[in-house]
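Going by our numbering, the sequence shown opens with residue 623, and the numbers climb by one from there. Note that the Cβ used here is the ideal one computed from N, Cα and C, for glycine as well. A short write-up of the structure that comes next.
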Amino acid sequence: MALMVLALKTRTAVTSLLSPTPATALAVRYASKKSGGSSKNLGGKSSGRRQGIKKMEGHYVHAGNIIATQRHFRWHPGAHWNWK
Numbered sequence: 623m624a625l626m627v628l629a630l631k632t633r634t635a636v637t638s639l640l641s642p643t644p645a646t647a648l649a650v651r652y653a654s655k656k657s658g659g660s661s662k663n664l665g666g667k668s669s670g671r672r673q674g675i676k677k678m679e680g681h682y683v684h685a686g687n688i689i690a691t692q693r694h695f696r697w698h699p700g701a702h703w704n705w706k
């Protein structure tokens, strides 16, 4: 009796391995969320330019010191100054 049960179990195991799998088991699921579109606002990730006045009025400066950094010519240093 035990031998028949063992033979029946092995036969069902072998037939289940050899039988073709149903089509529903082979279905592939894709991502359900929409893909993100490209963004045109990519700026704002760079660090600051560190521009501005570096030495204030009354500070002593040596030759070659940076008094101010700026993008355009807006600030005039005053008297006794040479642009080199």
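- Judged by DSSP in its simplified three-state form, I675 adopts strand.
- In the displayed model, A701 falls within coil according to three-state DSSP, outside both helix and strand.
- For A690, the three-state secondary structure derived from DSSP is strand.
- When only Cα atoms are considered, K677 and T691 end up about 10 Å apart.
- Restricting attention to R651, Q673, S660, the CA atom closest to the CA of R693 is found in Q673.
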